[in-house]
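Sequential numbering of the sequence shown, starting at 1, is according to the working numbering. The C-beta atom is built at its ideal place from N, Cα and C for all residues, glycine as well. To keep things clear, I will list the structure first and then write my remarks on it.
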Amino acid sequence: MSNWRELAECRYEDPDLFFPIGTSGPALLQTRRARAVCGRCRVRGQCLDFALTTAQPAGVWGGATEDERRDLGRARTRRRPS
Numbered sequence: 001m002s003n004w005r006e007l008a009e010c011r012y013e014d015p016d017l018f019f020p021i022g023t024s025g026p027a028l029l030q031t032r033r034a035r036a037v038c039g040r041c042r043v044r045g046q047c048l049d050f051a052l053t054t055a056q057p058a059g060v061w062g063g064a065t066e067d068e069r070r071d072l073g074r075a076r077t078r079r080r081p082s
């Protein structure tokens, strides 16, 4: 099977779109635009899993922002058996 990145919708976009600066004003619009690209991507789940597994510190990955991924990572940690 090919690398999921080769199938990602974002490969046709400016990478800067997925790395908004800030969390208000123009950055909110940029985040919405990035999520729209993620929303039509067939490998969105793989992208999000990659970001969570590798603890990507910035950007929109699999439609999730840094804060959302942080929350998802915490939830994954809590669900793991001891």
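Note on geometry: alpha-carbon atoms of Trp4 and Ser24 lie some 31 angstroms from one another. Relative to Glu9, the option among Arg74, Phe19, Val43 whose CA is nearest is Val43.
Distances from the alpha-carbon of Ala36 to those of Gly63, Gly73, Glu68 put Gly63 closest. Within the DSSP secondary-structure output, Ala64 pairs in a beta bridge with Trp61.
Rounded to whole angstroms, Arg74 and Tyr12 show a C-alpha spacing of 32 angstroms.
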